[in-house]
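Report on one structure; see the data block that follows.
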Amino acid sequence: MNQQMQVKVIKLSGIVNTTNSQELRQNITNLIESGAKTVLVDCQDVSFMDSSALGALVLAFKTLRAADTKLVLCSINEQVRILFELTGMDKVFEIFPTQDDFNQVLLSKN
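Residue 57 in the UniProt record's numbering is what sits at position 57 of the sequence shown, and the numbering runs on without skipping anything.
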């Protein structure tokens, strides 16, 4: 199976906060059953993310890791980047500048 097929992309948009963070975690966790080896969360259209959204990502990250699936992020804006840096999560998550950068790295591993 080629590696591209094993990547699932979740595109987030708008405000990601308490209201929709539970759904976000559920959506990511559901991808384990799809056989994805890597889940890419594309934050290009996210205008704001709060700590509950970050918590949901961390829980999803742990759940996926237990299932031997990677969770990576791309295209985070300044506000999200600051949130990740303040909480030290920029050291936990692999964060790519863009989805193209992620694809380049993926292709170079084949």
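Beta carbons are placed, not taken as given, at the ideal position from N, Cα and C, and that holds for glycine. Being a predicted model, the structure only gives us computed values, none of them experimental.
- Cβ contact annotation for Thr63 (same chain, cutoff 6 Å, sequence separation greater than five): Thr29, in chain order.
- Of all C-beta pairs linking the segment 90-100 to the segment 30-39, fewer than three are shorter than 8 Å, placing the two stretches out of contact.
- CA-CA distance, Thr69 to Asn27, rounds to 14 Å.
- Scanning its chain for C-beta atoms nearer than 8 Å, with the 5 sequence neighbours on each side dropped, one finds around Val7 the residues Ala36, Lys37, Thr38, Val39, Leu40, Leu106, in chain order.
- Residue environment: Ile95 is assigned as buried (16 or more neighbouring CB atoms within 10 Å of its CB, all protein chains considered).
- Counting the other Cβ atoms within 10 Å of the Cβ of Phe48 gives fewer than 16, which makes it exposed.
- Bounds of any alpha helix (DSSP H) do not take in Gln44; it lies within the beta strand (DSSP E) bounded by 38-49.
- For Ser108, there is no enclosing beta strand (DSSP E); the enclosing alpha helix (DSSP H) covers residues 99-108.
- Here Lys62 carries a helix assignment [DSSP, helix/strand/coil].
- Rounded to whole angstroms, Thr19 and Ser75 show a C-alpha spacing of 22 Å.
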